[in-house]
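In my numbering, the protein residues as written are 1 to 520.
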């Protein structure tokens, strides 16, 4: 089959998985009403997908190398699509959380498989870089366009239509994959590393679960500290176990290769910032500016378009000028964007907001696509599944950490700012307690006050909540700017200055051992 056609099919599958990451966000207000979901349940409706995705992506990436990538792709799409159908007809928040978890399990098969197949179809570096740029653009577009799809469907249909659309995309991808994609696997057919599988699931799963729960319990609470301790122990055990295996699931020598490690860190920093941005700006549009779901989704078009442009340009520039310059520039653009976003007010014009999104989207494209190409270039093609899975795991951990950390900073500043407002002194303690939970809760409380014959007090409450939200958004933006600036420093210090050839097939650690000028 023509490589371009294979790339189109792989990008279609990738788009479905990426859309699912954020499409549900604009439906959360509807779910709160129709399913009676509280804030905790709403959080898990989103996080169940990410938790299962991140937990199993390393294990499933390794298994796809062994048993065949085409079968893993089709099977993962079937699981994802089946979960989406189940989610569309869920009649309780618990059922929806379960089906979101099933979708995440399917995504853990699909995502690494698409990139590993791509790496085996495109073998010449410039062509592979171009293909990865298109794949990266599709990934970023899916994340950014999720709210657009969700908003458009919610404008005319019920919230379950979002999941039915994702199921349809999965079905189309299955049919196309059967017809177009040829199978590939690791020809060495190594034995299954059961210890590595179990330890990777335990390490990544515990880490992501602890990050998700930490804002609820406190970052230094006994539960959080215990979770991080288990995570550390599991990762240490994984390293020792893999070093002792003749055929490890993950060759930990890869982490001595700065091309691989610094690129992975750059992806983590980028998705930390992206998901933190989506978390904050979606609430800003819907709760502070009162935009309906469709209009909220359409507001993301500038960031989606700039991600696409940045991804395609990024890999082309990286081949010519090196990953160091391109990736560090992308992270600096992220920093500039968040410093600008920190100036948002309740009356900021959309033109200014759209302009703020441009450096953010370009920053993601210039960072993520070249860093992904560097990661895959550091891994032999026979092990492309686990290399892709490592790339996907860094995205998921970075995104989950971004929402948790930025969300925690925002929530803390929001609550303290609202508590110190003048209107908080005029309200009954139970109303203040509700309004301090979130700006959405404050909106509900304000509506109740208006309905109870106190419209002026309700308007004052809403204004105070909006002001408190903006205080939290500013603080969260500063955190994101600091993280991306740190990422730019890491990229500038450790990524290669110039593009080089890829590592040879037989030795994933060889790049770190090969003298300058030798084949990598």
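Note that CB positions come from ideal geometry on N, CA and C, so glycine has one too. Since the structure is predicted, the reported quantities are computational estimates derived from the model, not experimental observations.
State the Cα-Cα distance for the pair residue i and residue j, rounded to the nearest angstrom.
i: residue 20; j: residue 210; result: 22 Å
i: residue 277; j: residue 45; result: 19 Å
i: residue 296; j: residue 344; result: 16 Å
i: residue 488; j: residue 145; result: 26 Å
i: residue 257; j: residue 434; result: 50 Å
i: residue 16; j: residue 369; result: 18 Å
i: residue 54; j: residue 403; result: 15 Å
i: residue 32; j: residue 164; result: 20 Å
i: residue 2; j: residue 102; result: 33 Å
i: residue 323; j: residue 480; result: 22 Å
i: residue 248; j: residue 392; result: 19 Å
i: residue 446; j: residue 418; result: 13 Å
i: residue 87; j: residue 100; result: 7 Å
i: residue 506; j: residue 264; result: Note that residue 506 scores 44 on pLDDT, short of 50, meaning its location in the model is unreliable; the coordinates nonetheless yield the value given after this. Cα to Cα, residue 506 sits roughly 22 Å from residue 264.
i: residue 191; j: residue 67; result: 11 Å
i: residue 499; j: residue 398; result: Low local confidence applies: a pLDDT of 49 at residue 499 is under 50, so the model's placement there is unreliable, with the coordinate-based value given in what follows. So the two alpha carbons sit approximately 25 Å from each other.
i: residue 215; j: residue 414; result: 14 Å
i: residue 62; j: residue 162; result: 31 Å
i: residue 166; j: residue 331; result: 31 Å
i: residue 280; j: residue 288; result: 11 Å
i: residue 452; j: residue 14; result: 49 Å
i: residue 317; j: residue 308; result: 14 Å
i: residue 261; j: residue 153; result: 40 Å
i: residue 377; j: residue 112; result: 15 Å
i: residue 173; j: residue 77; result: 7 Å
i: residue 474; j: residue 124; result: 45 Å
i: residue 533; j: residue 6; result: Here the chain covers residues 1 to 520 and nothing more, so residue 533 does not appear.
Taking the alpha carbon of residue i as the reference point, which residue from the options has its own alpha carbon closest?
i: residue 410; options: 283, 350, 425; result: 283
i: residue 160; options: 475, 63, 91; result: 91
i: residue 48; options: 400, 406, 119, 263; result: 400
i: residue 230; options: 374, 452, 204; result: 204
i: residue 366; options: 359, 326, 348; result: 326
i: residue 25; options: 415, 150, 17; result: 150
i: residue 313; options: 494, 355, 348, 362; result: 362
i: residue 422; options: 468, 403, 392, 437; result: 468
i: residue 603; options: 42, 274, 142, 395; result: There is simply no residue 603 to check, as the chain begins at 1 and stops at 520 in what is shown.
i: residue 328; options: 214, 441, 199, 484; result: 484
i: residue 333; options: 316, 315, 306; result: 306
i: residue 461; options: 78, 406, 420, 398; result: 420
i: residue 4; options: 335, 122, 73; result: 122
i: residue 286; options: 133, 108, 441, 197; result: 441
i: residue 208; options: 405, 127, 264; result: 405
i: residue 197; options: 310, 75, 395, 251; result: 251
i: residue 379; options: 254, 143, 124; result: 254
i: residue 75; options: 170, 359, 472; result: 170
i: residue 246; options: 195, 266, 215; result: 195
i: residue 396; options: 80, 107, 220, 471; result: 107
i: residue 9; options: 372, 114, 455, 213; result: 114
i: residue 82; options: 69, 70, 96; result: 96
i: residue 542; options: 459, 22, 29; result: One cannot answer for residue 542 here, as it falls past the ends of the chain, which runs 1 to 520.
i: residue 272; options: 228, 338, 375, 293; result: 338
Can you say whether residue i is buried or exposed, counting buried as having 16 or more other CB atoms within 10 angstroms of its CB?
i: residue 158; result: exposed
i: residue 351; result: exposed
i: residue 243; result: exposed
i: residue 347; result: exposed
i: residue 175; result: exposed
i: residue 183; result: exposed
i: residue 89; result: exposed
i: residue 290; result: exposed
i: residue 193; result: buried
i: residue 179; result: exposed
i: residue 416; result: exposed
i: residue 223; result: exposed
i: residue 302; result: buried
i: residue 355; result: exposed
i: residue 36; result: exposed
i: residue 493; result: exposed
i: residue 426; result: exposed
i: residue 259; result: buried
So is the beta-carbon of residue i under 8 Å away from any non-hydrogen atom of the ligand GDP?
i: residue 114; result: For the ligand GDP, the structure offers nothing, since it holds no ligand at all.
Establish whether the CB of residue i and some CB of chain C are separated by less than 9 Å.
i: residue 237; result: Included in the structure is just one protein chain, with no chain C present.
Runs of 4 residues minimum, wholly inside the segment 4-60: which ones carry the alpha helix (DSSP H) assignment?
28-34
Of all the alpha helix (DSSP H) runs that stay within the bounds of the segment 390-426, which reach a length of 4 or more residues?
422-426
Which complete alpha helix (DSSP H) runs does the segment 210-296 hold, if anything under 4 residues is left out?
222-243, 258-283
Contained alpha helix (DSSP H) runs [length at least 4] in the segment 63-125, N- to C-terminal order
Here the runs fully enclosed are 69-88, 93-121.
Mind listing, in chain order, the continuous alpha helix (DSSP H) runs of no fewer than 4 residues lying wholly within the segment 310-389?
323-341, 350-377
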